[in-house]
Amino acid sequence: MKALLVGEYREGKLLESTYELVGFAQKLGCEFELFLVGTEAALPQVNAKLYLADVATVGEYNPALHKQLILDAVDKANADTVVFLHSSSGWDLAPRVALALGAAQLSEVVEIKGDGYLLPACNAKLRRTVKAATGKSVITLQAGAFMPAEQSGAPQVEKLTTSTPAQSEFLGYEQAEAGQVDLGKAEIIVSAGRGVGKPENVAMIQALAEALGGEYGASRPVVDAGWAPHDRQVGTTGQVVSPKLYVACGISGAIQHLAGMKKSEFILAINTDKDAPIGEVADVLVVADIKQFAPALTAKLAG
Amino acid sequence: MNILVCIKQVPDMESRFKVAASGTWFEESDLAWRINEYDEFAVEQAVKLKEQLGDADLTVLSIGPARVKEALKKALAMGCERAVNIVDPAAAEKDSFQIASSIAAFAKDKSFDVIFTGMQSQDRGSGQVGVLVAELLGIPVLTTAVEFEYTDGSITVRRELEGGLRAAVKASTPALVTCQLGLNTPRYPTLPNIMKAKKKELLEIPIGELLKDEARLTTLALAYPEKKGSALVLEGEIGELVDKVIGILKEKTSVL
Ligand SMILES: Cc1cc2nc3c(=O)[nH]c(=O)nc-3n(C[C@H](O)[C@H](O)[C@H](O)COP(=O)(O)OP(=O)(O)OC[C@H]3O[C@@H](n4cnc5c(N)ncnc54)[C@H](O)[C@@H]3O)c2cc1C
Chain C
1 MKALLVGEYR EGKLLESTYE LVGFAQKLGC EFELFLVGTE AALPQVNAKL YLADVATVGE
61 YNPALHKQLI LDAVDKANAD TVVFLHSSSG WDLAPRVALA LGAAQLSEVV EIKGDGYLLP
121 ACNAKLRRTV KAATGKSVIT LQAGAFMPAE QSGAPQVEKL TTSTPAQSEF LGYEQAEAGQ
181 VDLGKAEIIV SAGRGVGKPE NVAMIQALAE ALGGEYGASR PVVDAGWAPH DRQVGTTGQV
241 VSPKLYVACG ISGAIQHLAG MKKSEFILAI NTDKDAPIGE VADVLVVADI KQFAPALTAK
301 LAG
Chain G
304 MNILVCIKQV PDMESRFKVA ASGTWFEESD LAWRINEYDE FAVEQAVKLK EQLGDADLTV
364 LSIGPARVKE ALKKALAMGC ERAVNIVDPA AAEKDSFQIA SSIAAFAKDK SFDVIFTGMQ
424 SQDRGSGQVG VLVAELLGIP VLTTAVEFEY TDGSITVRRE LEGGLRAAVK ASTPALVTCQ
484 LGLNTPRYPT LPNIMKAKKK ELLEIPIGEL LKDEARLTTL ALAYPEKKGS ALVLEGEIGE
544 LVDKVIGILK EKTSVL
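Quick note, the sequences are listed as chains C and G, same order.
Quick note on this note's numbering: the first sequence kicks off at 1 and runs consecutively.
Quick note on this note's numbering: the second sequence kicks off at 304 and runs consecutively.
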């Protein structure tokens, strides 16, 4: 087995996730080479061959060009496996590459299992073991599932170019507007999930947060529905927090939410579902209806 | 304009899942089924685009057994013109590549200008189908859209990246867009629209007429995750639970 690892680069920087790809290849014990659309100024510190395409000419989001360059690198490296991170660039590029290679794609791998891989199903309530039925395979790795490799060494660079036409035009990046609260600094966070049921009930979570002397946060559906502002969102596309106490109220524990809060010192979850995946990271899981539990706890703390 | 939206019917994620006798998928009886959350945003965006243009034709498609007609009817009641059920009682056993190539075979000669799909399904979460359909049709695809705009044959979306960053991207039609949570607020079908939907066309096509490809992926097993977490699980009467939790917070944390 020989893998081509597709590194990630954004706005002048190599993304740390690149080292998770290397960590995965090392864990698998396979030969590997790397591919990057980036610059000489931000090369990964890895002792391996690196196919480098210049971001200034290729563009940061130009999937038709990225795809062609990756296919060229697969050819040169004689790779049978292409590995991406399951990220906004990974899930965009991987299927394109898989189709072109006649390969199977295994999305969001969380573990290596025998000669197959484990993938989450049904919001992480189940796990599927899968195997490619083709000679070549394309794999995307769940963010954080594999230990990043140590950063040491220098790659042997080979430059690639392409004259493939673009299919879409990249207009630029926009930063979500900075919010009023910095949840990153809060010592106690009580977060509302979809399980709170309706917008009025977010006040109940806010009241509990106040009674505990902390801030309130929210999961994505609560923010998307407009029940709480975006600066309260915890998770991959929200804020990463690490308070002393995190209270997850009616939150299932999807990976994108966990990624934002699992480093909390103590995690208390309240959920009607005893099997909710939040139980995997919580210290205490209270099986109860949040609409009854939150006001009762708030009242007891006040009294 | 000719618009297509592809939807999947998935179980309610709060269900208690049981592994089926096959050992490779979950038991499908006793589950409540609904439109995949991401696809509801896709349907809403397709209906909005139709409303914006005034003159547009909107088809909704789903691959699956007879029960997926319920999901299709909801999409019709939300504003699609006609529904297509690619009938496949064994859809759950197909891989993303087979599902995508069946959709592409259906769409190939129908000159859709815009195709919408969800960015992923809630049950498999592979995130492949939309991109594969576009690649098979040779049209551009813009993934993970959280904002959508159409003007004069060109589509601009905001793609969601990690950490609150977005990317603005533009492509000309025909194009495919995969929809992310929060793109819009899916409407509830009104009673008159539910009644109207009953009269709309619902076409059935057997999967065998469209699918010519072998699976590229084999599922070996489906199982519960090994319990790594050591959460203390508390159950019982609310008052007692509150007392226990306060006791634990006092003992184990410095916050009380
Ligand atoms: C690319 C991408 C990025 C994402 N980024 C984020 C992110 O930054 N943050 C984030 O949170 N999500 C994010 N998500 C969404 C994530 O996948 C989940 O959809 C989301 O976290 C689910 O939120 P939830 O737990 O509140 O809702 P659900 O998953 O719907 O869970 C609700 C829970 O409430 C419980 N419940 C129901 N009723 C009650 C009750 N009365 N009392 C107690 N419990 C109850 C249920 O048992 C269930 O466990 C992202 C998704 C994608 C694809």
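Beta carbons: idealized from backbone N, C-alpha and C, even for Gly.
Sub-9 Å separation of residue 474 of chain G and residue 443 of chain G beta-carbons: The residue given as residue 474 of chain G occupies position 171 in the second sequence. The residue given as residue 443 of chain G occupies position 140 in the second sequence. In this structure, residue 443 of chain G lies closer than 9 Å to residue 474 of chain G by Cβ.
Residue 152 of chain C versus residue 22 of chain C - alpha carbon distance: On the first sequence, position 152 is the one that residue 152 of chain C refers to. On the first sequence, position 22 is the one that residue 22 of chain C refers to. Going from the Cα of residue 152 of chain C to the Cα of residue 22 of chain C covers about 11 Å.
Cβ neighbours of residue 349 of chain G in the same chain (closer than 6 Å, five flanking residues each side left out): Here residue 349 of chain G corresponds to residue number 46 of the second sequence, with the count starting at 1. Excluding sequence neighbours, residue 349 of chain G sits near 306, 308, 361 and 419.
Nearest candidate by alpha-carbon position, reference residue 421 of chain G, set G:509, G:468, G:487 and G:304: Numbered from 1 along the second sequence, position 118 holds the residue referred to as residue 421 of chain G. Taking only the C-alpha atoms, the option nearest residue 421 of chain G is G:487.
Chain A contacts from the segment 469-481 of chain G (Cβ-Cβ distance under 7 Å): Considering every chain present, this structure includes no chain A. Its protein chains are C and G.
Amino acids of chain C, ordered along the chain, whose beta-carbon sits closer than 8 Å to that of residue 524 of chain G: The count along the second sequence starts at 1 and reaches residue 524 of chain G at position 221. Within chain C, the residues near residue 524 of chain G are 128 and 129.
Sequence-distant residues of the same chain with beta carbon closer than 7 Å to residue 276 of chain C, five excluded per side: Reading the first sequence from its first residue, position 276 is the one you call residue 276 of chain C. If we look at residue 276 of chain C and ignore the five residues flanking it on each side, its Cβ neighbours are 252 and 253.
Distance cut-off 8 Å: residue 255 of chain C Cβ against heavy atoms of ligand 1: Taking the first residue of the first sequence as 1, we reach residue 255 of chain C at position 255. Yes, the beta carbon of residue 255 of chain C sits closer than 8 Å to at least one heavy atom of ligand 1.
Residue 190 of chain C beta carbon near ligand 1 (any heavy atom closer than 8 Å): Residue 190 of chain C sits at position 190 when you count from the first residue of the first sequence. Every heavy atom of ligand 1 is 8 Å or more from the Cβ of residue 190 of chain C, so no.
Through-space distance from residue 13 of chain C to residue 272 of chain C, alpha-carbon basis: Here residue 272 of chain C refers to the residue found at position 272 of the first sequence. Here residue 13 of chain C refers to the residue found at position 13 of the first sequence. For residue 272 of chain C and residue 13 of chain C, the distance between alpha carbons rounds to 43 Å.
Residue 553 of chain G at chain C interface by Cβ criterion, 9 Å: Against the second sequence, residue 553 of chain G aligns to sequence position 250. False, the Cβ-Cβ gap to chain C never drops below 9 Å.
Residue span of the alpha helix (DSSP H) that contains residue 96 of chain C, given as start and end: Taking the first sequence and counting its residues from 1, one reaches residue 96 of chain C at position 96. It spans 90-101 - the alpha helix (DSSP H) in which residue 96 of chain C sits, taken as one unbroken run.
Outcome for residue 543 of chain G when other beta-carbon atoms lying within 10 angstroms are tallied against a minimum of 16: Mapped onto the second sequence, residue 543 of chain G falls at position 240. Per the 10 Å Cβ criterion, exposed.
Reduced DSSP secondary structure (H/G/I, E/B, other) of residue 105 of chain C: Taking the first residue of the first sequence as position 1, residue 105 of chain C is located at position 105. Residue 105 of chain C falls in the strand class under three-state DSSP.
Whole-angstrom distance between residue 285 of chain C and residue 367 of chain G, CA atom to CA atom: Mapped onto the second sequence, residue 367 of chain G falls at position 64. Mapped onto the first sequence, residue 285 of chain C falls at position 285. Between residue 367 of chain G and residue 285 of chain C, the C-alpha separation is close to 37 Å.
Other residues of its chain near residue 559 of chain G: CB distance less than 6 Å, five sequence neighbours each side excluded: Residue 559 of chain G sits at position 256 when you count from the first residue of the second sequence. Excluding residues within five positions, the ones whose Cβ falls inside 6 Å are 552 and 553.
Contacting positions in the segment 305-324 of chain G - beta carbon closer than 9 Å to chain C: 313, 314, 316, 317, 318, 319, 320 and 322
Interface residues of chain C facing residue 531 of chain G [CB-CB closer than 7 Å]: Within the second sequence, the letter at position 228 stands for residue 531 of chain G. Simply 280.
Rounded separation between residue 535 of chain G and residue 95 of chain C - CA only: The residue labelled residue 535 of chain G in the question sits at position 232 within the second sequence. The residue labelled residue 95 of chain C in the question sits at position 95 within the first sequence. Approximately 41 Å between the Cα atoms of the pair.
Classification of residue 232 of chain C by the beta-carbon crowding that lies within 10 angstroms, buried from 16 upward: Reading the first sequence from its first residue, position 232 is the one you call residue 232 of chain C. It is buried - the Cβ of residue 232 of chain C has at least 16 other Cβ atoms within 10 Å.
Residues of the segment 198-226 of chain C whose Cβ lies closer than 9 Å to any Cβ of chain G, in chain order: 212, 213, 214, 220, 221, 223, 224, 225 and 226
C-beta atoms of residue 250 of chain C and residue 287 of chain C nearer than 9 Å: Within the first sequence, the letter at position 250 stands for residue 250 of chain C. Within the first sequence, the letter at position 287 stands for residue 287 of chain C. Going by C-beta atoms, residue 250 of chain C is not nearer than 9 Å to residue 287 of chain C.
Within 8 Å of chain G by C-beta, residues of the segment 159-186 of chain C in sequence order: 167, 168, 169, 170, 171, 172, 173, 174, 175 and 176
Three-pair Cβ contact test at 8 Å for the segment 1-21 of chain C versus the segment 37-45 of chain C: yes
Straight-line gap, residue 64 of chain C to residue 164 of chain C (C-alpha atoms, nearest Å): Position 64 of the first sequence, counted from the start, is the residue given in the question as residue 64 of chain C. Position 164 of the first sequence, counted from the start, is the residue given in the question as residue 164 of chain C. Between residue 64 of chain C and residue 164 of chain C, the C-alpha separation is close to 7 Å.
Residue 286 of chain G in three-state terms, based on DSSP: The structure shown does not extend to residue 286 of chain G, since chain G spans only 304 to 559, so no value can be given for it.
Under the three-state DSSP convention, the category residue 390 of chain C falls into: The question about residue 390 of chain C has no answer here: the residues shown for chain C are numbered 1 through 303.
Chain G contacts made by the segment 74-95 of chain C, where a contact means CB separation under 7 Å: 87, 88, 91, 92 and 95
Which of helix, strand or coil DSSP assigns to residue 319 of chain G: Translated into the one-based positions of the second sequence, residue 319 of chain G becomes position 16. In the structure shown, residue 319 of chain G sits in coil (DSSP, three-state: anything other than H, G, I, E or B).
Three-state secondary structure (DSSP) of residue 281 of chain C: Taking the first residue of the first sequence as 1, we reach residue 281 of chain C at position 281. Residue state, collapsed to three classes: coil.
Per DSSP, the bridge partner or partners of residue 328 of chain G: Mapped onto the second sequence, residue 328 of chain G falls at position 25. According to DSSP, which records beta bridges pairwise, residue 328 of chain G is partnered with nothing at all.
8 Å Cβ shell around residue 437 of chain G - same chain, five flanking residues per side excluded: Reading the second sequence from its first residue, position 134 is the one you call residue 437 of chain G. Closer than 8 Å at the Cβ level, and outside the excluded window around residue 437 of chain G, lie 418, 443, 444, 478 and 479.
For residue 475 of chain G, the three-state DSSP class (helix, strand or coil): As a working note, residue 475 of chain G is residue 172 in the second sequence. Residue state, collapsed to three classes: strand.
Chain C residues whose Cβ lies nearer than 7 Å to that of residue 431 of chain G: Locating residue 431 of chain G in the second sequence gives position 128, where the first residue counts as 1. Simply 95, 105 and 107.
Whether residue 537 of chain G touches residue 547 of chain G by CB criterion (9 Å): As a first step, residue 537 of chain G must be located in the second sequence, where it is residue number 234. As a first step, residue 547 of chain G must be located in the second sequence, where it is residue number 244. In this structure, residue 547 of chain G lies closer than 9 Å to residue 537 of chain G by Cβ.
Length of the line joining the Cα atoms of residue 302 of chain G and residue 365 of chain G: Only positions 304 to 559 of chain G appear in the structure, and residue 302 of chain G is not among them; the question remains open.
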